[in-house]
Amino acid sequence: MKRREFLALGAAAARSAAAAPPVIDCHAHAGTAQGLQAPWTTFADPEEILRRAAEAGIAKTVIFPISSDNFEHSNREIASICARYPNRFIGWAKHDPVKEKGRIRPMLLREVREMGLRGLKLHVHPTPEVLDTVAELRIPILYHPGRVAQLDEVARDYPAIDFILAHLGSDLSQNWREHAAGIETARRRPNVYLDTGAVVLTRYIERAVQEVGAEKIVFGSDEPEVDCRLELYKIKVLGLPREQERMILGGNIARLLGKYA
Amino acid sequence: MTVDCHALAGKGLTWAEPEAPADYDVAALLDRGAQAGIDRHAIMPARNPEGYEAANREIARLVERYPKALIGFAAHHPQMEAGRIRKTLSEEVRSMGLKGVRFDGHPGREAMDAVLELGIPVMYYPRLASGQGPARWYHMLAEAYRKVNFILPHLGMYRSLTWWAHVEAIDLAKRHPNIYLDTSGIGSLKYLEMAARELPPEKLLFGTCAPELDARVEREAVRLLKLDREREQKVLGGNFLRLVRTS
C-alpha cells in the first residue's frame with residue numbers, strides 16, 4: 000500500500016470513529032437505601048460506576064435508585080448525583096406503583112419537569128396512574144417485570160409509551176424461556192425494546208439481534224452489581240456490523256431519549 | 000497454557016432452568032475455545048439423571064480423539080447409582096483414562112471412598128434451594144476427606160443468584176486447604192474480584208461451563224481481574240493441571 004493510500008485510510012477511519020455515537024449504558028443503580036440486607040438495599044456507589052465505565056469507554060450511564068423505602072428521597076439523591084456529574088450520568092426516577100398509590104403523579108411531574116429526570120424504572124407492575132402520567136410526560140419506562148407477559152399487556156394498551164424490557168426478560172438468565180418471551184414481545188410490539196444487562200446466557204443476546212433487529216436492542220449493565228466492562232464485552236464479542244453495534248451501544252437509547260427532549 | 004477446568008460435552012439435560020435437552024458439541028467447544036485462547040478443556044457429561052455410564056464412555060472416546068485438547072471427567076449421581084459407583088468409576092479412571100469426577104448429587108461414603116482410593120479430584124455443585132449457601136453441604140465433606148481435592152463450580156452459585164453463596168464459598172476455600180473454586184458462570188464479577196483479592200492464587204481455577212456459556216466471555220472475566228502474570232498462569236491452568244496431575 001502506498002503512503003498516500005495508507006494516510007487516506009487512516010483519515011477515513013478517524014472520521015468514522017469521530018462519528019461514532021457515545022456509548023451509553025441504559026441500566027445502572029446509584030445511591031443509598033435503608034434496608035441494609037443486600038447490596039441493592041444498602042448502597043450503590045456512583046464513583047465505582049464511573050471508574051469502571053471510564054475503563055470500558057462508556058461515555059454516559061443512566062442511573063436510578065436501588066430498592067428503597069422512600070423513592071421520593073432516592074430520586075432526589077439521583078438528581079443530586081447527576082448535578083455533580085452532568086456529563087456522565089442521565090438520571091431516571093424509580094417508583095413503586097402499589098406502595099405509592101395516589102401520590103405518583105405529582106412526584107413524577109416534579110422529578111421530570113423540575114429535577115431533570117428523563118425516564119422511569121419500574122419493578123412493580125405499572126398502574127393506570129403511572130402509565131397515564133408517563134404518557135403525559137412522554138418519557139420511556141425501563142421495566143423489570145416478574146413475567147414478560149405482564150409487559151406485553153401494558154405495551155399493547157399503551158402504544159405511545161416506549162418500554163425497555165430489563166435483562167432481556169430474565170435477570171441473570173434465571174429462566175431462559177423468559178428471554179425467548181422477551182424476544183417475541185419485542186418482535187411483536189413496536190414500542191418494546193430489550194436491555195442486554197445481566198444476561199448470562201449470552202446466546203439470547205445474539206438471537207435477539209437476529210430476530211428483533213439491532214435497532215431494538217439497548218446496551219445495559221445493571222451496575223454496580225454487574226460489571227459494565229464485561230457486559231460491554233458481551234456485545235463486542237458478537238462481532239456485529241459496525242452500524243448495528245453502534246445502535247445497540249448508544250444510538251438507540253440516545254434516539255429514545257431524544258424523542259422526548 | 001490456558002486450561003478450562005469445566006466444560007460440557009455430549010447429550011443430556013441443561014443446568015439452566017427450566018431444564019431442557021442439551022447436546023453439547025465438542026467441535027463448537029474447541030472452535031470458540033480457540034477464539035478465547037484456551038489450549039485444553041476438561042470435558043464432562045451434561046446432566047444425565049437416567050444414568051451416566053454411556054455418557055462417560057462418550058467422554059472417553061472424545062478424549063481419545065482429541066488427546067491434546069481435552070481432559071476427561073466422569074459424572075455420576077451418588078444416590079441414583081448407589082451400589083455401582085465404585086466399580087464403574089474405577090473402570091472409568093483406570094481403564095478409560097478419565098481424570099476426575101463430577102457428582103450431581105451429594106456424595107456419601109460410597110462415592111467418597113471410591114474417589115479417595117482413586118486419588119482424583121471431585122467437582123460438586125450442590126443444587127441449592129433459595130436462600131441456601133454451599134457451606135452446609137461442603138464443610139463435613141472437606142473435613143472428612145482431607146486428602147480429596149474438591150472443585151466448587153461457579154464460585155458457589157451459578158449466575159450469582161444468591162450473592163451470599165459466593166461469600167460462603169470464598170470462606171470455605173479459606174478454611175479448607177482442599178476446596179478450590181471455579182470461575183465459570185458468575186453474574187456478579189465483584190465476587191470473583193473478592194475471591195482473587197482474599198484467596199491465595201492457588202485456590203482459583205479458570206472454568207467456562209462452555210458451550211452452555213461463551214468461553215470468550217468467561218476468559219474476559221478472568222482478564223478483568225488484572226492478576227500479575229504468575230498469579231494468572233496459576234488460575235488459568237497451573238492449579239488445575241496440578242490437581243489432575245497431568246501436563
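Residue numbers (numbering that gives the first Met the number 0), protein chains in the order written: chain H, 0 to 260; chain W, 0 to 246.
Every residue, glycine too, gets a C-beta built ideally from N, C-alpha and C.
No experiment lies behind these values; they were computed from the predicted model shown.
With a 10 Å radius around its C-beta and 16 neighbouring C-beta atoms as the bar for buried, classify aspartate 103 of chain W as buried or exposed.
The residue in question, aspartate 103 of chain W, is buried, as its Cβ has 16 or more Cβ neighbours within 10 Å.
Let's test the definition: count the other Cβ atoms within 10 Å of the Cβ of alanine 21 of chain W and tell me whether it reaches 16, buried, or not, exposed.
The residue is buried, with at least 16 neighbouring Cβ atoms inside 10 Å.
Rounding to the nearest angstrom, what Cα-Cα distance links threonine 184 of chain H and isoleucine 185 of chain W in this structure?
Cα to Cα, the separation comes out at about 27 Å.
Does the pairing of the region 61-72 of chain H with the region 33-46 of chain H give three or more beta-carbon distances under 8 Å?
Verdict: yes, contact present.
Taking 8 Å as the cut-off, decide whether the C-beta atoms of asparagine 190 of chain H and isoleucine 160 of chain H are in contact.
Result yes, Cβ atoms of asparagine 190 of chain H and isoleucine 160 of chain H sit closer than 8 Å.
Mapping the DSSP letters down to three states, classify phenylalanine 63 of chain H as helix, strand or coil.
Residue state, collapsed to three classes: strand.
For alanine 19 of chain H and lysine 258 of chain H, I'd like the C-alpha separation in whole angstroms.
Straight-line Cα distance between these residues: approximately 19 Å.
Quick one, which of H:Cys81, H:Ala165, H:Leu141 and H:Leu229 has its alpha-carbon nearest histidine 94 of chain H's?
Closest option to histidine 94 of chain H, Cα to Cα, is H:Leu141.
If you draw a straight line from the alpha carbon of arginine 104 of chain H to that of arginine 155 of chain H, how long is it in whole angstroms?
Cα to Cα, the separation comes out at about 22 Å.
Taking glutamine 173 of chain H as the query, report the chain W residues whose CB atoms sit under 8 Å from its CB, ordered along the chain.
Ordered by position in chain W, the residues that pass the 8 Å Cβ test against glutamine 173 of chain H are Glu16, Arg158 and Leu160.
Residues of chain H with CB under 9 Å from alanine 27 of chain W, in chain order?
Result: empty, since nearest Cβ-Cβ is about 11 Å, beyond 9 Å.
Is histidine 75 of chain W helix, strand or coil by DSSP?
Correct three-state label for histidine 75 of chain W: strand.
Of all the CB atoms in chain H, is at least one closer than 8 Å to the CB of aspartate 213 of chain W?
Yes, aspartate 213 of chain W counts as interfacial toward chain H.
For a contact defined as C-beta to C-beta under 9 Å, what are the partners of proline 45 of chain H on chain W?
Those within 9 Å of proline 45 of chain H in chain W number zero; the least Cβ separation is about 15 Å.
Take the Cβ of valine 147 of chain W as the centre, count every other Cβ of all protein chains shown within 10 Å, and call the residue buried at 16 or more, exposed below.
Classification for valine 147 of chain W: buried.
So what's isoleucine 250 of chain W in DSSP terms, helix, strand or just coil?
Outside the displayed span of chain W (0 to 246) sits residue 250 of chain W, for which this structure offers no information.
Could you name the residues of the region 184-216 of chain W whose beta carbon sits closer than 8 Å to any beta carbon of chain H, in the order they occur along the chain?
Within the region 184-216 of chain W, the residues whose Cβ lies closer than 8 Å to some Cβ of chain H are Gly184, Gly186, Ser187, Leu188, Lys189, Glu211, Leu212, Asp213, Arg215 and Val216, listed in chain order.
Report the three-state DSSP secondary structure of lysine 98 of chain H (helix, strand or coil).
The answer is coil: DSSP assigns lysine 98 of chain H none of H, G, I, E or B.
Looking only at its chain, what residues have a beta carbon closer than 6 Å to the beta carbon of glycine 34 of chain H, apart from the 5 residues adjacent to it on each side?
For glycine 34 of chain H, where only same-chain residues beyond five positions count, the Cβ hits under 6 Å are Thr40.
Just checking arginine 83 of chain H against the ligand SAM - is the residue's beta carbon closer than 7 Å to any of the ligand's heavy atoms?
Among the ligands in the structure shown, none appear at all, so the ligand SAM cannot be discussed.
Which of helix, strand or coil does DSSP assign to aspartate 226 of chain H?
Coil at aspartate 226 of chain H, not helix or strand.
Cα-Cα, which of W:Ala113, W:Gln232, W:Val100 and W:Gly155 is closest to methionine 43 of chain W?
Out of W:Ala113, W:Gln232, W:Val100 and W:Gly155, W:Val100 has the C-alpha closest to the C-alpha of methionine 43 of chain W.
Using a C-beta cutoff of 8 Å, does leucine 223 of chain W count as contacting chain H?
For leucine 223 of chain W, the answer is yes, since a Cβ of chain H falls inside 8 Å of its Cβ.
Helix, strand or coil: which one does DSSP assign to glycine 257 of chain H?
Helix at glycine 257 of chain H.
I want to verify the contact list: residues of chain W whose CB lies under 8 Å from the CB of valine 225 of chain H, in sequence order.
Per Cβ cutoff of 8 Å: Gly186, Ser187 and Leu188.
Counting along the chain, where does the beta strand (DSSP E) carrying histidine 178 of chain H start and finish?
No beta strand (DSSP E) contains histidine 178 of chain H, which is instead part of the alpha helix (DSSP H) from 175-187.
Under 8 Å Cβ to Cβ from leucine 251 of chain W, same chain only, skipping five residues before and after it: list those, please.
Nothing can be reported for residue 251 of chain W, as the shown portion of chain W is limited to 0 through 246.
Can you give me the Cβ contacts of alanine 197 of chain H inside the same chain, cut-off strictly under 7 Å, excluding the 5 residues immediately before and after it?
Cβ neighbours of alanine 197 of chain H beyond the five flanking positions: His166, Asp170, Leu171, Asp221 and Val225.
Ordered along the chain, which non-local residues of its own chain (more than five positions away) have a Cβ less than 6 Å from that of alanine 35 of chain W?
Closer than 6 Å at the Cβ level, and outside the excluded window around alanine 35 of chain W, lie Ala214, Arg215 and Arg218.
Considering just the uninterrupted stretch of the beta strand (DSSP E) at alanine 4 of chain W, what are its terminal residues?
It should be pointed out that residue 4 of chain W corresponds to cysteine in this sequence rather than to alanine. 2-12 is the span of the beta strand (DSSP E), which, as asked, contains cysteine 4 of chain W.
Show which residues of chain W have a CB atom less than 8 Å away from the CB atom of proline 38 of chain H.
Going along chain W in sequence order, the residues near proline 38 of chain H (Cβ under 8 Å) are Trp162.
Can you check the region 140-216 of chain W for any alpha helix (DSSP H) of at least 4 residues that lies completely inside it and give the ranges in chain order?
DSSP runs (the alpha helix (DSSP H)) wholly in the region 140-216 of chain W: 162-174 and 188-197.
Are the beta-carbon atoms belonging to glutamate 135 of chain H and lysine 100 of chain H less than 8 Å from one another?
No, these two residues do not count as a Cβ contact at 8 Å.
Could you tell me the alpha carbon to alpha carbon distance between threonine 207 of chain W and glutamate 152 of chain H, rounded to whole angstroms?
Roughly 38 Å separates the two Cα atoms.
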